[in-house]
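Quick note on the working numbering: the sequence shown kicks off at 25 and runs consecutively.
Glycine included, C-beta positions come from ideal geometry on N, C-alpha and C.
Right, one structure below, let's go through it.
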Amino acid sequence: MPTTSESRLIAASVAEVWAAITDLEAASRWNQAWQRVEYLSWQREGVDTTFRSHTEDDRSFDFRISEWAPEEYVAFEPLREEPEERRYLITLESQSFLLEAVSHDHTNVTLIASATGHGLRGWLAARFVWPGHQRELILRPALDALQALFEPPDGPEQSGETSPRD
Numbered sequence: 025m026p027t028t029s030e031s032r033l034i035a036a037s038v039a040e041v042w043a044a045i046t047d048l049e050a051a052s053r054w055n056q057a058w059q060r061v062e063y064l065s066w067q068r069e070g071v072d073t074t075f076r077s078h079t080e081d082d083r084s085f086d087f088r089i090s091e092w093a094p095e096e097y098v099a100f101e102p103l104r105e106e107p108e109e110r111r112y113l114i115t116l117e118s119q120s121f122l123l124e125a126v127s128h129d130h131t132n133v134t135l136i137a138s139a140t141g142h143g144l145r146g147w148l149a150a151r152f153v154w155p156g157h158q159r160e161l162i163l164r165p166a167l168d169a170l171q172a173l174f175e176p177p178d179g180p181e182q183s184g185e186t187s188p189r190d
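Following this line, the structure appears as structure tokens:
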């Protein structure tokens, strides 16, 4: 099963990062693909919590939290029917966050994705095309958005400073 990952040092404590990534109803702050998230299960955290993400193109995807180690690791896996996944060359198996404290106010965040290729073309694409595509279009933007929650971009507008031309 091909796996790819991207890491980022974020200026926030492990507890702050954990709170942001496990607040699924506010996940659109770091996952631009998820416009809205609703819980499908009564539980709101931990293994077997299920939820549905809604995209801006009116599609929805159901997920289950498959692994949960508070303030350390959380993994999400899609819920789907077996026949459906055979329609695609590549299917996502899981996405997960690994948090490692670097100091009391800095956390190394690794976002990991795993997929399965179906058929020869899917197998080749999953090993040679998918990892780069996933890092560039999914993992990096998610980490950029997560980082921006704690480290607003520098610039005159954000800092209240005026430019020399003003």
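Would you mind reading off the limits of the beta strand (DSSP E) that contains residue i?
i      : result
Ala99  : Tyr97 to Pro102
Trp92  : Ser84 to Ala93
Ala51  : Premise fails: Ala51 is in no beta strand (DSSP E) and is neither H nor E.
Leu113 : Leu113 -> no beta strand (DSSP E), and no H or E assigned at all.
Can you name, in chain order, every residue of its own chain whose Cβ lies under 6 Å from the Cβ of residue i, other than the five neighbours on each side?
i      : result
Asp129 : Ser37
Thr134 : Ser29, Ser31 and Leu122
Leu163 : Glu30 and Leu135
His78  : Gln59, Arg60 and Ser84
Ala195 : Residue 195 falls outside the range modelled here, since the chain spans only 25 to 190, and no answer is possible.
Ala137 : Thr28, Gln119 and Gln158
Glu175 : Ala35
Gly156 : none
Name the DSSP bridge partner or partners of residue i?
i      : result
His78  : Arg60 and Ser84
Thr27  : Ser138
Gln171 : None; Gln171 has no bridge partner.
Val133 : Arg32 and Leu123
At what residues does the alpha helix (DSSP H) containing residue i begin and finish?
i      : result
Ala163 : Here residue 163 is Leu; the residue named in the question, Ala, does not match the sequence. Segment: none, Leu163 is in no alpha helix (DSSP H) and carries neither H nor E.
Ala36  : Premise fails: Ala36 is in no alpha helix (DSSP H) and is neither H nor E.
Trp147 : Gly143 to Phe152
What residues in its chain sit with their C-beta under 7 Å from that of residue i, if we drop five residues either side in the sequence?
i      : result
Leu64  : Thr74, Phe75, Arg76 and Asp86
Glu96  : Leu123
Leu173 : Ala44, Arg53 and Trp54
Gln67  : Thr73
What residues in its chain sit with their C-beta under 8 Å from that of residue i, if we drop five residues either side in the sequence?
i      : result
Ala169 : Arg53, Trp54, Asn55 and Gln56
Ile114 : Ala139, Thr140, Gly141, His142, Gly146, Ala149, Ala150 and Trp154
Val71  : Ile89, Ser90, Glu91 and Trp92
Can residue i be considered in contact with the ligand ADP, in the sense that its beta carbon sits closer than 7 Å to one or more heavy atoms?
i     : result
Glu91 : The ligand ADP is absent from the structure shown, which contains no ligands of any kind.
Would you call the region 29 to 43 in contact with the region 117 to 137, where contact means no fewer than 3 C-beta pairs closer than 8 Å?
yes
Using 8 Å as the Cβ pair cut-off and three pairs as the minimum, do the region 43 to 57 and the region 141 to 148 touch?
no
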